[in-house]
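Chemist: For reference, the structure I am asking about is given below.
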Amino acid sequence: MILMGIIQCATAPAGYVLAGVVHLLDYDPNGIAAIALKFYPGGFRAESMISFVLALNRFRIICGLRYPEVIHKIIMAFACCFGVTYTTSLFTPLCEYRIIPGHYLMEYNLSIPSCEKIRYIGSYFITVPSFMSLILYIIMIGYLVRMKMKTRFSKGSVEERRILFYALTRFVIEFSFVGTYHYVEFPHYPEYDITINVGLMFCSLLVSPALYLIFYKAEYESEGKRHRVVKNTNLIYCTNKKYRPNLMHLGRLVIEFSFEMTDEVRELSLEYPRRIEGH
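Counting in the working numbering, the sequence shown runs from 50 upward without gaps.
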């Protein structure tokens, strides 16, 4: 999340501000705006892949998967390397990413064959991670529903609605503007250019942070409940061997009721039966 914020602040605001200056002056002084804008496409693609890592990490926690966290770091490192590589390609003769006064949407110079290929390849590094993140969130919802059916809780909880709202909102907004920009060719009408440009800016700078804040605000509010559940598991202890199996099963059920188990909670749920058996 912090890395995403750094990328957004480093690549997007300066380019958009200078683009506005270009349209006010009707020319680009010393090509400064064109230089600043070239940092945005690579940053946006890196941010999309990092968003997938956040979804993958949440999927790992909720579904209780166990795999090395270094996988997340590798994907994030690849995202940053790809972003730098993509940005570098825009400063070479292979591809030109430009702003034309009167056109309110930055564009690739498609008269260069390699530029069209670079844009086409780069578009997949936005749409594919976004689509995969949506799939992960849908699987998470299915897992939570299954857990609640097993424990006889109501199916339509706030948790599933919150995850579904986050996933669908981000996917629809991001995919709509990005897909339209990369895969649909429209003439440069001011209304169209401004809509797509503002939509991309809105998606990058506002949608992601706003949705994460809403999402994790509710997560923070439910954190106290999970802590109380973990604290209560300390009371699950009995010296009578006759009742130990039932109490161990009860301990697991109490922890299952929290639904969003961290790694520490899962380890705790396995640790207490071992302590009781070894007493």
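For every residue, glycine included, the Cβ atom is placed at its ideal position computed from N, Cα and C.
Note that the structure is a prediction, hence the values are computed from the model and not measured.
(1) Would you identify the three-state DSSP class for GLU156, choosing helix, strand or coil?
(2) Helix, strand or coil, according to DSSP, for ARG219 in the structure here?
(3) Candidates TYR169, PRO117, TYR153 and PHE108: which alpha carbon is nearest ASN246's?
(4) Check whether the region 159-166 touches the region 76-86, counting contact only when three or more Cβ pairs, one atom from each stretch, lie closer than 8 Å.
(5) With H, G and I counted as helix, E and B as strand and the rest as coil, what does DSSP make of ARG147?
(6) For ASN106 and CYS144, what's the separation of their Cα atoms in angstroms?
(7) So, with DSSP's three-state summary, where would you put ARG115?
(8) Assuming PHE174 is part of the alpha helix (DSSP H), what are its boundary residues?
(9) What's the gap between the Cα of TYR157 and the Cα of TYR146?
(10) To the nearest angstrom, how far is the alpha carbon of TYR238 from that of LYS197?
(11) DSSP three-state call for GLU96: helix, strand or coil?
(12) State the DSSP-derived secondary structure class of TYR135, mapped to helix, strand or coil.
(13) Does DSSP put ASP242 in a helix, in a strand, or in coil?
(14) Output yes or no for whether 8 Å exceeds the beta carbon distance between GLY64 and TYR89.
(15) Determine the direct distance from the alpha carbon of PHE224 to that of THR176, and round the result to whole angstroms.
(16) The alpha helix (DSSP H) that contains LEU255, what's its start and end?
(17) Which residues in the same chain as LEU299 place their Cβ atom closer than 6 Å to its Cβ, once the five residues preceding and following it in sequence are excluded?
(18) State yes or no: is the beta carbon of PRO117 nearer than 8 Å to at least one beta carbon in chain B?
(19) Since ALA61 is in the alpha helix (DSSP H), which residue starts that stretch and which ends it?
Modeler: On the basis of the coordinates in this document:
(1) Strand at GLU156.
(2) The three-state reading of DSSP puts ARG219 in helix, counting H, G and I together.
(3) Of the residues TYR169, PRO117, TYR153 and PHE108, the one whose Cα lies closest to the Cα of ASN246 is TYR153.
(4) As far as the Cβ criterion goes, the region 159-166 does not touch the region 76-86, which means the pair count is below three.
(5) Judged by DSSP in its simplified three-state form, ARG147 adopts strand.
(6) Rounded to the nearest angstrom, the two C-alpha atoms are 35 Å apart.
(7) DSSP places ARG115 in coil when its eight states are reduced to three.
(8) Counting along the chain, the alpha helix (DSSP H) containing PHE174 begins and ends at 162-199.
(9) A straight line joining the alpha-carbon of TYR157 with that of TYR146 spans about 5 Å.
(10) Their backbone Cα atoms lie some 51 Å apart in a straight line.
(11) Correct three-state label for GLU96: helix.
(12) Three-state DSSP puts TYR135 in a helix.
(13) Secondary structure at ASP242: helix, using DSSP grouped into helix, strand and coil.
(14) In contact: GLY64 and TYR89 (Cβ atoms closer than 8 Å).
(15) Rounded to the nearest angstrom, the two C-alpha atoms are 7 Å apart.
(16) Element bounds for LEU255: n/a, residue is neither H nor E.
(17) Only weak support is given to the placement of LEU299: the predicted model assigns it a pLDDT of 45, under 50, and the value that follows is read from those uncertain coordinates. Cβ neighbours of LEU299 beyond the five flanking positions: none.
(18) Reference to chain B is not applicable here, since this structure consists of a single protein chain.
(19) Unbroken run through ALA61: none, as it is neither H nor E.
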